[in-house]
Amino acid sequence: MTFENYKKWLKKVPVDVKIVFSGMVEPWLNKDCTKMLLYAYNQGYKKIGVFTTTMGMSLEDFRKIKKIPFTVFYVHLADAEGNTKIKVDEKYLKLLGEIKKSNIKNKKYMAMGKLHPKLKPLFSDIVEKVTMQTRAGNLDFLPQVHKNGPIQCCWPDGLKHNVLMPNGDILLCCVDYHMKHVLGNLSRNSYASLFTSREFKRIVKALENKNRGDVICRRCEFATVNNNYNQKSLYRETLNYLHLTGKLSRIKSLLNNK
Ligand code: SF4
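Position 1 (the sequence shown) corresponds to 0 in numbering that gives the first Met the number 0; numbering is contiguous.
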């Protein structure tokens, strides 16, 4: 995505929308990522988040952004099981060391499996161990899920955590790797019209009733089943969410350390 296009499309997005540097690829593999992030902040977007392995990010990049009051700054660390392909070299370790000692707001760390041995001295007591998910069925080597009945997305922003693609298309969700659900394009459409678009309306119907069409959410761990919605199912879904995001083990270890 070019910086010029990014500026043009961002202008269409209301300033109270959360801008998250994440998505389907590593954000800092775009050489203008730091510039884009600072631009959003200076334009008045105050809810800015980051999900990154730090690949492509330099120390200089980090120093430029560390004062931003991020809603979340989530670092995906190298693991010892080869699940994440990260080169654990001096440069990487130096950057992680700087992130760790910084006062950057709302920073968190996760790993897919056992932490890489070289990272243990820095992170073993604070890393969240996260379970790999199917990404709505895209990772077909994992056990698949299928949800029946009326469902909804259990992410806090529901159907409004969308992805801006390099051509201006807006996808429903960051796990929509096949680009099945395109809500519109910011070159042609307004932000508000994305949520009145034909595709958006079709998705809402398909969430209510599986016979009204296919939607990737039926294969997603983060969809909750709404029928017979009562305290028991709410409890089960909340536990499921905490487990899948690695937060359950964190809560347990905090309670054990009391
Ligand atoms: S239920 Fe899953 S696939 Fe659907 S919008 Fe939420 S996170 Fe994305």
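Don't be surprised by glycine CBs; every beta carbon is placed ideally from N, CA and C.
Item, Value
"Buried or exposed (CB count within 10 angstroms, at least 16 for buried), E220", "buried"
"Proximity test, L193 beta-carbon vs the ligand SF4 heavy atom, cut-off 7 Å", "no"
"Nearest-angstrom Cα separation, counted from L95 out to F20", "18 Å"
"A110 - partner residues in DSSP beta bridges", "K128"
"Terminal residues of the beta strand (DSSP E) in which L182 lies", "V181 to N184"
"For F2, the first and last residue of its enclosing alpha helix (DSSP H)", "F2 to L9"
"Pairwise C-alpha distance: V203 and A135", "17 Å"
"DSSP-derived helix/strand/coil call for D139", "coil"
"Short Cβ contact (8 Å threshold) for W27 with M0", "no"
"L158 and I169 closer than 8 Å at C-beta", "no"
"Nearest-angstrom Cα separation, counted from V87 out to G212", "44 Å"
"I98 beta carbon less than 8 Å from that of T70", "no"
"Per DSSP, cross-strand counterpart(s) of Q42", "DSSP lists no partner for Q42."
"Rounded Cβ spacing between P68 and K104 (contact assumed at less than 8 Å)", "5 Å"
"Residue closest to T33, alpha-carbon to alpha-carbon, out of K100, E59, W8 and V224", "E59"
"Three or more C-beta pairs below 8 Å linking the stretch 153-167 and the stretch 5-22", "yes"
"Range covered by the alpha helix (DSSP H) that runs through V144", "Taken as a continuous stretch (DSSP letters only), V144 belongs to no alpha helix (DSSP H), as it is neither H nor E."
"Y176 in three-state terms, based on DSSP", "coil"
"F221: CB within 7 Å of a non-hydrogen atom of the ligand SF4", "yes"
"Cβ-based neighbour list, G112, same chain, cut-off 6 Å, excluding 5 preceding and 5 following", "D78, E80 and N82"
"Where D60 sits in the DSSP three-state scheme", "helix"
"For L171 and H177, believed in contact at Cβ under 8 Å, the rounded distance", "Rounded, the Cβ-Cβ distance is 11 Å, inconsistent with contact."
"Any non-hydrogen atom of the ligand SF4 closer than 7 Å to V203 Cβ", "no"
"Buried/exposed call for G43, threshold 16 Cβ in 10 Å", "exposed"
"Per-residue DSSP class, three states only, for T195", "helix"
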